[in-house]
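So for the sequence shown, my numbering puts the first residue at 11; every next one is plus one.
Okay, structure first, notes after.
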Amino acid sequence: MDAMSQPAQPSVFTRIVAREIPADIVFENERIIAFKDIQPQAAVHLLVVPKTEQYSNVTQLAAADPALLAEVVAIAKQLAERYCDGEYRLVFNEGASVGQTVFHVHAHVLGGGLAEGSLGQ
Ligand code: 5GP
């Protein structure tokens with residue numbers, strides 16, 4: 011097999027699903043996994059991740075599988091109920107220029123004392 015036909019490397023999140031990389035997993039079902047962010051940016055910082063890595067970003071996910079996106083949001087809410095009284099910020103980065111580093115769609119669930127009006131700073 012030449013270099014051009016090598017399969018792409020699995021994403022870091024696929025490796026967490028496969029238990030090749032340890033993570034503090036807080037939720038899992040057939041289609042979705044959620045775990046604590048390794049570099050938290052809030053008192054509560056979870057990632058909710060569809061197990062499939064076929065979608066790089068939320069726009070692709072919304073177009074191809076809106077039910078899966080709705081499930082991501084529902085699980086984010088359930089986790090926010092458990093970890094930060096149900097109030098939370100849901101962030102999807104899309105594009106390197108706004109900080110996306112993992113191109114396997116994921117939602118950031120942020121909560122627990124966020125400063126009001128801090129969005130985008
Ligand atoms: P992005 O910047 O792509 O929206 O978010 C990627 C997030 O994944 C970052 O907040 C980063 O800290 C987190 N992350 C990257 N690698 C790992 C890892 O191996 N384990 C966990 N738990 N989080 C990770």
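No residue lacks a Cβ here, since even glycine has one placed at the ideal position from N, Cα and C.
Small disclaimer: the values here were computed from a predicted structure and weren't measured.
Residue i, enclosing beta strand (DSSP E) - first and last residue
| i | result |
| --- | --- |
| Val115 | Where Val115 is concerned, there is no enclosing beta strand (DSSP E), given that its DSSP letter is neither H nor E. |
| Val59 | Val54 to Pro60 |
Residue i - DSSP class collapsed to helix/strand/coil
| i | result |
| --- | --- |
| Lys46 | strand |
| Arg99 | strand |
| Leu71 | helix |
Range covered by the alpha helix (DSSP H) that runs through residue i
| i | result |
| --- | --- |
| Glu40 | No alpha helix (DSSP H) holds Glu40; DSSP gives it neither H nor E. |
| Gln89 | Per the sequence presented here, residue 89 reads as Leu, with Gln not at that position. Note, Leu89: alpha helix (DSSP H), Pro76 to Cys94. |
| Val27 | Val22 to Val27 |
Counted within 10 angstroms of its Cβ, other Cβ atoms place residue i as buried (16 or more) or exposed
| i | result |
| --- | --- |
| Pro50 | exposed |
| Met11 | In this predicted model, Met11 has a pLDDT of only 43, less than 50, meaning its place in the structure is not dependable; the value taken from the coordinates is given anyway. Classification for Met11: exposed. |
| Ala74 | exposed |
| Leu129 | exposed |
| Ala84 | exposed |
Heavy atom of the ligand 5GP within 7 Å of residue i beta-carbon
| i | result |
| --- | --- |
| Thr24 | no |
| Gln49 | yes |
| Lys61 | no |
Inter-residue spacing [alpha-carbon to alpha-carbon] between residue i and residue j
| i | j | result |
| --- | --- | --- |
| Val54 | Glu91 | 11 Å |
| Leu8 | Ala18 | Lying outside 11 to 131, the shown extent of the chain, residue 8 is not represented and no answer is given. |
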